[in-house]
Each structure stands twice: as structure tokens, then as C-alpha cells.
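Visitor: Structure in C-alpha cells, see below.
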């Protein structure tokens, strides 16, 4: 645009350079446009992989929680972890909703967060199981 403005102020206008610049911008735009489908598919695959990993971590945490030692001191902890898992299960549907809306980056971020929280719950349960085994 600067080149066009510069030429418009001159008595003898030469828009050759501006036309070349415009052609380059058009070519660059077409090149970027060609990349979009591949990048979109890559983002979708990343989101789906993250969703699958989150689901696996959630399922593992849920299964471990079923095996958690139940004693008089652990009941409140187990209930809290069950509530946390219920919250994560609700968030799993949000991940799918984000994927359906083609918000792949948002879906991946949510799935990674769910996976981390589920892994943390699983680690707490594993530690409790080891603690009980150590007492026997």
C-alpha cells in the first residue's frame, strides 16, 4: 500500500513494483491456504490422541479407585477422589464437544488437563495401596 501511495503523489505514476508486490502477496496467500487443510487435520489428530490418552488415564484412575483400600481413615479421601473423577468425566464430554466444534487446540488442552488430573488421582491411590501393603 505504501508503494501505491508513493506513486499516487507523483506526476508520472509507475505501478509496476506495486503490481509485483501484490502478485507476491497473492502467491504467498495461496501457499498458506494450501497448508490449512493439512494443519487442520494434524490439529484434529492431536486432539483425538490427547482425548484417547485422557480417557485411558481416566479409566485407569477409576479402576484403581475401585481397588483402593477402604478403612476408617480413607473414606473421606475416597469420596473426594470419586467426586474429582466425576468432574473429570463431565470434562470429557466437553473435550468431545470442542472437537465437534473444530476447536482442536481447546480440546487438546482440556484433554491434557484431564489426563494430568487423572494420573494424579491414580498416583494417590497407588500410594495408598502401597502404604496398606507395607503395614501387612
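Numbering (this note's numbering), first residue to last: 140 to 275. In this text, a Cβ means the ideal position worked out from N, Cα and C, and glycines have one as well.
1) Is residue 247 near residue 223, with beta carbons less than 9 Å apart?
2) When you compare only the Cα positions, how much space is there between residue 268 and residue 206?
3) Are the stretch 216-234 and the stretch 164-172 touching by the rule of at least three beta carbon pairs closer than 8 Å?
4) Which residue's Cα is closest to the Cα of residue 241: 182, 161, 162, 155?
5) Compute the Euclidean distance between the alpha carbons of residue 229 and residue 209, then round it to the nearest angstrom.
6) Once DSSP output is grouped into helix, strand and coil, what is the label at residue 210?
7) Just the C-alpha distance for residue 254 and residue 195, rounded to the nearest angstrom, thanks.
Guide: Put simply:
1) no
2) 8 Å
3) no
4) 182
5) 25 Å
6) coil
7) 8 Å
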